[in-house]
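J.: So that we are looking at the same thing, I have put the structure below in structure tokens.
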Amino acid sequence: MQVQKPFLQSKQTFNEPLTWRYPEDPVKEVQLAIDEQRPLPVPASSVAVQCGETAARVEVKRDLLGIGQLIHPADLTLGGCAVTGEDTSAQVLIFVTELHECGSTLTMTEDSLVYVFTLRYTPATLGSSPIVRTREVVVWVECHYPRKHDVSSGSVKPTWNPYASTKVAEELLYFSLRLMTDNWQLERPSKEYVLGDNINFEASVVQFYHVPLRVFVDNCVATVIPNTNTVPRYAFIENRGCLVDTKLTGSRSQFIPRTMDDTLQFQIEAFRFHVVNTGSLYITCLLKATTASAPIDHEYKACSFSNGWSEASRKDQACGCCDTDCGLRREPDPGHHSALQPQFIINAATHILTQICQ
């Protein structure tokens with residue numbers, strides 16, 4: 001009988017260490033960040049304006065953006081007006097408009113009358129696709145005209161004053177709208193405000209040789225650019241002298257009780273627009289004046305709201321229409337300086353830029 005030997009196991013050993021290793025994960029080469037400096041955009045001199053006595057001519061290069069891409073005439077408007085002509089050889093689009101047309105707005109500075117037009121480029125989609133490859137552009141075009149003219153002559157100066165020159169002097173009015181300090185004594189040197197501050201305004205009229213006058217603020221509108229027809233806009237004085245901000249928002253805004261006929265003070269609590277927060281507000285107000293002897297009525301008033309309407313000269317009955325419609329005057333009144341009497345300078349659309357900080 002043959003006996004089977006038991007199977008013996010033994011541990012295998014290596015005389016030399018193993019040199020093989022699992023491969024390591026590849027290491028991505030670190031690239032140094034490159035500060036790519038894009039060239040600063042250079043404004044293209046692609047818009048020009050010629051201001052005449054009664055009309056303006058605006059010329060726009062079809063390469064409006066200065067990138068070598070011509071725009072379509074249908075995509076360009078001036079205050080809603082379409083292109084009126086084109087110089088095909090020079091690749092120039094032309095607008096010709098009266099100063100009071102094509103959505104122009106008139107503002108006054110101390111020395112100038114300024115007509116502002118809005119040139120807007122809105123690119124249409126490319127073909128049947130829903131995309132565009134150029135951005136929308138808005139350009140404000142201005143025409144400035146001096147308010148004062150001086151004429152000199154070497155001829156003999158008359159020793160009497162002609163009736164015409166006396167009449168002109170009597171009818172020359174100068175309106176102003178200023179930001180005032182908290183004590184109302186001086187013009188405020190800064191136009192920066194913090195939300196919650198009161199913005200103090202002082203409207204006045206200088207009457208020269210005219211009979212005594214009483215100044216009013218017909219309406220005031222806040223916008224983010226010096227154009228009252230834009231959105232967003234907030235009319236805080238409207239309806240012919242009704243300060244509606246207090247009733248709409250519960251603010252402290254008010255007309256200050258009047259102490260002088262040719263000066264009217266009011267204050268607005270600082271605010272900003274909720275959607276468009278540029279940090280700046282343009283306040284545009286329309287000022288007007290009547291003779292001081294004319295009655296305060298529904299068209300010529302300064303009304304504030306605080307548990308009811310009150311008038312700055314304590315003629316509260318004139319404010320009865322502030323909750324409805326104060327309407328238009330149908331017949332000319334010789335005591336009022338209005339557009340029905342064009343020989344008088346009766347209103348001044350004045351705007352002030354304020355900086356609102358949060």
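Heads up: the sequence shown begins at 1 in the UniProt record's numbering, then just goes up one per residue.
Cβ atoms here follow ideal geometry from the backbone N, Cα and C, with glycine treated the same way.
#1: Can you grab the Cα-Cα spacing for the pair residue 252 / residue 305, in whole Å?
#2: DSSP three-state label for residue 19, please.
#3: By a C-beta neighbour count over all protein chains shown, 10 Å radius and 16 as the cutoff for buried, is residue 219 buried or exposed?
#4: In this structure, how does DSSP classify residue 106 when only helix, strand and coil are distinguished?
#5: If you reduce the DSSP assignment to three classes, tell me which class residue 317 lands in.
#6: Kindly provide the ranges of any beta strand (DSSP E) runs that are 3 or more residues long and lie completely inside the stretch 45 to 123, ordered along the chain.
#7: Taking only the alpha-carbon atoms, compute the straight-line gap between residue 112 and residue 144 and give it to the nearest angstrom.
#8: Leaving out five residues on either side along the sequence, give the residues of the same chain with a beta carbon under 7 Å from the beta carbon of residue 292.
#9: My output table needs one value for residue 248: the three-state DSSP class, helix, strand or coil.
#10: On the criterion of 16 or more Cβ atoms from any shown chain inside 10 Å, does residue 104 qualify as buried, or is it exposed?
#11: Out of curiosity, what's the CA-to-CA distance linking residue 173 and residue 227?
#12: Candidates 137, 58, 54, 100: which alpha carbon is nearest residue 65's?
#13: In the DSSP assignment, what are the bridge partners of residue 180?
#14: Comparing alpha-carbon positions, which option in 236, 181, 57 lies nearest residue 117?
T.: In brief:
#1: Distance between the alpha carbons of residue 252 and residue 305 is about 9 Å.
#2: Coil at residue 19, not helix or strand.
#3: That one is buried.
#4: Note: residue 106 maps to strand in three-state DSSP.
#5: Under the three-state reduction of DSSP, residue 317 is assigned to helix.
#6: Listed in chain order, they are 47 to 51, 55 to 61, 76 to 78, 85 to 87, 92 to 98, 105 to 108, 112 to 121.
#7: Residue 112 and residue 144 have their C-alpha atoms some 6 Å from each other.
#8: For residue 292, where only same-chain residues beyond five positions count, the Cβ hits under 7 Å are 212, 213, 214, 261.
#9: It is helical.
#10: It is buried - the Cβ of residue 104 has at least 16 other Cβ atoms within 10 Å.
#11: Each residue's alpha carbon lies about 24 Å from the other.
#12: Distances from the CA of residue 65 to each of 137, 58, 54, 100 were compared; the closest alpha carbon is that of 137.
#13: According to DSSP, which records beta bridges pairwise, residue 180 is partnered with 187, 200.
#14: Ranked by how close their Cα comes to the Cα of residue 117, the residues 236, 181, 57 have 57 in first place.
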